Amino acid sequence: MAGVPGGACTRRTALFAAALVIALAAAVGAQAAPGAPTRVPLPSIEAGAGERCVEDTAFMRRNHMELLRHQRDVTVHEGIRTTRHSLANCVTCHAGRKTGRVTGERGFCQGCHSYAGIALDCFECHADKPAPPMAEVTR
Amino acid sequence: MSEVDHGRRKFLWESAALAGIALAPGITLYDLAHGRRPEAAASGKVRWGLLVDMNRCQPACDACVRACDTENGLSGGKTVTDSQWIRKIDLTDPRGSVRSLPMMCQHCADPPCVDVCPTGASFKRADGIVLVDRHICIGCRYCMMACPYGARSFVFEPVANQKPEVPRGKGCVESCTLCVHRIDRDRIPACVEACAATGHAALLFGDLNDPQSEISKRIAAVATTQVRADLRLDTAVRYQGL
């Protein structure tokens, strides 16, 4: 009588340990192959020319729209033309190396907005590619 | 962003200000001393204006119109509904002589377009430049009705290949911005630059609030006219010889 519950417990522990080992192996396997398909499809974004964003990536993912909205108001109404959070600065860095644009199926802006199902109105008026070097402002 | 060398920056600003003063009167096309840092807001102490000398403006010349089209990415009037920010008008005297003048947004001190705008998209900046905030514009076109100068255009068709400095698109009203993106970087409007390049130098740009500016001195010295002065809008664009 005394051995039955102990035997069940040992069996359960062994099952749990086995499950843990399988789960860990799966996780290690997933980490070992970063390009492997996941259950959740992720947007495929063309790499841009810039190396490092003006803010943390996690912060920008959630807040880029607030920065742009603020910048747009101070630029249009007050004539403040700092470049750090300007849309033109975003476009300069994030334009695709091949396409030279942030729009298009794999464009930095449009690729993610299509994935998230969020309308992207900026580029109905704004340029979606950087200014050519000739147009660089000369003081 | 690299670390700013404040000593060097101060030196550059002071040199620029000194250069603006050092040039002889008549040579400066604008006042460098008004230079403002990118992070500083437009100042209400300044009021930008234009003086058109009709004795120098040539009827056959449209350099200002072409420069405006190039600078702002306008089509140059390929179809009848295309935007026109500046246009040349010929005034024919019954005796045969023809005078010419450029007509654009007059950047009124009391702009009727701002009065009628239902959303606040039409606004006057602190330095007197009248603009449309396209983020707020709903395209109702009341301002086009209200403008006595017919200075505003509506964008009917989708626009592509805009200039990064001049965003514009379908469904908004637009007009001459006095090249606000250039003014914010201490440059003069494209039309003024192009007019000077032709040698006519019929356009003079400057600060109407500064009594020492070239434009203020000219307006004090010679008779100038505001178009439709009876409306008492206090326009920033003045005409000499009208």
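Protein chains in written order, with the working numbering: chain F, 1 to 139; chain P, 140 to 381. No residue lacks a Cβ here, since even glycine has one placed at the ideal position from N, Cα and C. Predicted model only: the values in this text are computed from it and were never measured.
Item: Three-way DSSP call (helix, strand, coil) for Phe-59/F in this model; Value: helix
Item: Euclidean distance between Cα positions of Glu-55/F and Val-366/P; Value: 50 Å
Item: Asp-323/P burial status per 10 Å Cβ neighbour count (16 or more: buried); Value: buried
Item: Burial state of Gly-117/F (16 or more Cβ within 10 Å); Value: exposed
Item: Any alpha helix (DSSP H) of 4 or more consecutive residues that is wholly inside the segment 256-286 of chain P; Value: 281-285
Item: Range covered by the beta strand (DSSP E) that runs through Tyr-378/P; Value: 376-379
Item: Assigned secondary structure, Thr-363/P (DSSP; H/G/I helix, E/B strand, else coil); Value: strand
Item: Through-space distance from Ala-362/P to Thr-99/F, alpha-carbon basis; Value: 56 Å
Item: Short CB-CB distance (under 8 Å) between His-274/P and chain F; Value: yes
Item: Nearest-angstrom Cβ-Cβ length linking Leu-384/P and Val-76/F, presumed shorter than 8 Å; Value: Residue 384/P falls outside the range modelled here, since chain P spans only 140 to 381, and no answer is possible.
Item: Limits of the unbroken alpha helix (DSSP H) element including Ser-114/F; Value: 108-116
Item: Where Arg-101/F meets chain P, residues with beta-carbon distance less than 8 Å; Value: Those do not exist, as Arg-101/F stays about 11 Å from chain P at its closest Cβ, beyond 8 Å.
Item: Identity of the residue in Asp-232/P, Lys-309/P, Pro-177/P nearest Val-294/P by Cα; Value: Lys-309/P
Item: Contacts of Arg-280/P in chain F (Cβ-Cβ under 8 Å); Value: Within chain F, no residue comes near Arg-280/P; the closest Cβ sits about 17 Å away, beyond 8 Å.
Item: Residues that Asp-254/P bridges to, as DSSP identifies them; Value: For Asp-254/P, which the question treats as bridged, DSSP gives no partner whatsoever.
Item: Per-residue DSSP class, three states only, for Phe-295/P; Value: coil
Item: Chain F contact for Pro-328/P (CB, 8 Å cutoff); Value: no
Item: Inter-residue spacing [alpha-carbon to alpha-carbon] between Met-242/P and Leu-67/F; Value: 38 Å
Item: CB-CB length for Ile-228/P against His-246/P, believed under 8 Å; Value: Contact doesn't hold; Cβ gap of about 18 Å is too wide.
Item: Whole-angstrom C-beta distance between Asp-373/P and Ala-290/P, which should lie under 8 Å; Value: In fact, because the Cβ distance is near 15 Å, the residues do not count as touching under 8 Å.
Item: DSSP state of Asp-349/P mapped onto helix, strand, coil; Value: coil
Item: Within chain F, the residues that Phe-262/P reaches when beta carbons sit closer than 8 Å; Value: His-77
Item: Bridge partners - Ile-225/P, DSSP secondary structure assignment; Value: Met-243/P
Item: Alpha carbon of Ile-433/P to alpha carbon of Ser-182/P, nearest angstrom; Value: Lying before the first or after the last residue shown, residue 433/P is absent from chain P, which here runs from 140 to 381.
Item: Neighbour list for Asp-323/P in chain F, Cβ cutoff strictly below 7 Å; Value: Gly-79, Arg-81
Item: Beta carbon proximity, His-116/F to chain P, threshold 8 Å; Value: Note on identity: in this sequence residue 116/F is Ala, with His being the wrong assignment. It does not; no Cβ of chain P falls within 8 Å.
Item: Enclosing alpha helix (DSSP H) for Asp-208/P [first to last residue]; Value: 202-211
Item: Host alpha helix (DSSP H) of Leu-87/F (start-end); Value: 87-94
Item: Per-residue DSSP class, three states only, for Asp-369/P; Value: helix
Item: Three-pair Cβ contact test at 8 Å for the segment 230-242 of chain P versus the segment 251-261 of chain P; Value: no
Item: CB contact flag (Gln-301/P, Cys-125/F, <8 Å); Value: yes
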